[in-house]
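Read the structure below first, then the notes.
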Amino acid sequence: MNPIEIIPGIQWVGVLDTQLRVFDVIMEAKHGTTYNSFLVRGRDKVALIDASKAAFAETFLDTLRPAIEPTAIDYMVCNHLEPDHSGALVDVLDVAPQAQVVVTKPGRMLLRAILNRDVKPTIAAEGDRIELGGKTLRFIMAPFLHWPDTMFTYLEEDQVLFSGDFLGAHYCDPRLFNDLIPNYDEAFQHYFQVIMRPFKEYVRQALDKIDSLPIKVVCPVHGPILRTDVRRYIDMYRAWSAEPPQPTKKRLLVFYVSSYGNTERMAHAIGRGIRDAGADAEVLDLAKVDARALLDDIEAAEGIVVGTCTINGDALEQAWSLLSSLTTIKLKDKLGASFGAFGWSGEGPLMIAERMRGLKFRVPEEPMPVQLVPTDADLKSCEEYGKRLVAAL
Amino acid sequence: MQKFECGMCEYTYDPAKGDPGRGIPPGTSFDDLPDNWTCPKCNAGKNMFVAVDE
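Chain order of the listed sequences is A and B.
Quick note, our numbering runs 87 ahead of the 1-based positions in the first sequence.
Quick note, our numbering runs 2 ahead of the 1-based positions in the second sequence.
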């Protein structure tokens, strides 16, 4: 692509990744993505904001060169050092060795590990400014959005916010501007859910910081540049990052996967015990529900109880899949517990409890096993188990 | 005793306080923390910590 002017003095010099379908090996990106990079030209100095992914280093430099001779770049600003924006940094510095790298304090540590060479970056702190001549870059710290070293760069005179991944989307359209392309809210929301959601608290802090800023244009590093309805996008982040209302009653979700109905009966007995102890319980069959659609419920609950039978010495795939889908919500100190019926070995619930500990669940009770068909006494024990879980809340 | 700051999130490990939430008693020096000890705030590894200038 050729450089594209956003407003006078600011050009997009990014890369289109039309082929991408899965980002970072894990995240669906069915619309491809872009790695946006921005050139800001003042009267006296020039800044490049964010680089590109290593695999696209050549394409990136090919787009950059018609806009500027690399030796004329004064500052290389890195809003965060995730490799999709810093992988090509080493290539930029090869052709622009004079460029002063600007990172946050945590960014300095990451920079060393990205470049594996010694550079002396300028450390940007909250409110620091770099004067380019009629264009002033101000740095706004935005930690954990979504890397620890993240900051925003705000161009004061033109009211442009270079927001890093914040307000971005994996969406590739060469027309680049939100008003020139079809509505892409779905991709915008998906990006929030996967990338920003684990850091809701930090999202709210950042929104508070930029609330009073006049913003005409938002330049994120992925997807469309926002130059109309900017407030609408910010308001969506506001809504999605809000804390869910605290339920009046404590609540545990009981998930189970059951081959012969034995683990299922245990699940209902544990649910009864939880309710008898005065808390709320919802009992859910993992073969029928999509756990990913229940993330809000899981996040709002005090904890989860996972039941699985054991087949060939392992917990069932649905139970593993549930636990792997929780990476975008805060689990620390949530209660975790496991149970399950088994034929002769019964490792499943033990493995689930171990994994829960690894995910930082609080696991106050040992797993509850029952061999094959639960007796009335077993079901009674399950009820007691449910009561003990509530007592541990 | 020497305090150490997490280079990622700026949490400060104070040996006088330890990390009781995870069984590290007060009085444990940074060097004596287990190798797999991580930042209580952001989970960064021990090697991400730097000594704080007093």
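All residues carry an ideal CB built from backbone N, CA and C; glycine is no exception.
_Between Glu169(A), Leu410(A) and Ile136(A), which has its C-alpha nearest Ile160(A)'s C-alpha?_
Ile136(A)
*Helix, strand or coil for Glu34(A), going by three-state DSSP, please let me know.*
Look at the range of chain A in this structure, 88 to 480, and you will see that residue 34(A) is not part of it.
*Using the Cα positions of Val304(A) and Asn45(B), report the straight-line distance between them to the nearest angstrom.*
Roughly 35 Å between the two C-alpha positions.
*On the three-pair Cβ rule with 8 Å, is the region 411-423 of chain A touching the region 363-371 of chain A?*
no
_Using only the alpha-carbon positions, how far apart do Pro331(A) and Ala387(A) sit?_
A straight-line Cα-Cα distance of about 7 Å links Pro331(A) and Ala387(A).
*asked:* Quick test of your reading: Val190(A) and Leu168(A), contact by CB under 8 Å. State the CB separation rounded to the nearest angstrom.
replied: 7 Å
*N-terminal and C-terminal residue of the alpha helix (DSSP H) that Pro285(A) is part of*: Run containing Pro285(A): none; DSSP gives neither H nor E here.
_What residue range does the beta strand (DSSP E) around Phe51(B) cover?_
Phe51 to Ala53
_Buried or exposed (CB count within 10 angstroms, at least 16 for buried), Glu145(A)_ = exposed
_Against chain B: residues of the region 183-198 of chain A by CB proximity under 9 Å_ = Lys192, Pro193, Arg195, Met196 and Leu197
*Which runs of the beta strand (DSSP E) fall wholly inside the region 424-476 of chain A and span at least 3 residues, in chain order?*
455-458
*asked:* Within the continuous alpha helix (DSSP H) that includes Tyr278(A), where are the two ends?
replied: Asp272 to Tyr278
*Note the first and the last residue of the continuous beta strand (DSSP E) segment covering Glu7(B).*
Phe6 to Cys8
*Determine the DSSP secondary structure at Ala374(A), reduced to helix, strand or coil.*
coil
*Give the interface partners of Gly29(B) over in chain A, defined as CB-CB distance under 7 Å, in chain order.*
None at all; the shortest Cβ gap to chain A is about 25 Å.
*Give every residue of the same chain whose Cβ lies closer than 6 Å to the Cβ of Phe279(A), excluding the five residues on either side of it in the sequence, and list them in chain order.*
Trp327
*Going along chain B, which residues have a C-beta under 8 Å from Pro235(A)?*
In chain order, Met10, Cys11, Cys44 and Ala46 make up the part of chain B whose C-beta sits under 8 Å from the C-beta of Pro235(A).
*Can you say whether Asn49(B) is buried or exposed, counting buried as having 16 or more other CB atoms within 10 angstroms of its CB?*
exposed
*In or out: Tyr343(A) buried (at least 16 other Cβ within 10 Å) or exposed?*
buried
*asked:* Does the structure place the region 248-257 of chain A close enough to the region 292-304 of chain A that three or more beta carbon pairs sit under 8 Å?
replied: yes
*asked:* On the CB-based measure, 16 or more other CB atoms within 10 Å of its CB, does Lys166(A) come out buried or exposed?
replied: Checking the sequence shown, residue 166(A) turns out to be Asn, not Lys. With 16 or more other Cβ atoms within 10 Å, it is buried.
*Do the region 432-443 of chain A and the region 390-398 of chain A meet, that is, are 3 or more Cβ pairs less than 8 Å apart?*
yes
*Return the Cβ separation of Thr30(B) and Gly20(B) in integer angstroms, given the expectation that the two are a contact with Cβ distance under 8 Å.*
The Cβ separation is near 5 Å, so the contact holds.
*DSSP on Arg314(A), reduced to helix/strand/coil?*
coil
*asked:* Strictly by DSSP, which residues pair up with Gly251(A)?
replied: Pro307(A)
*List the residues of chain A that Met50(B) touches, going by C-beta distances under 8 Å, in chain order.*
Those are Met196, listed as they occur along chain A.
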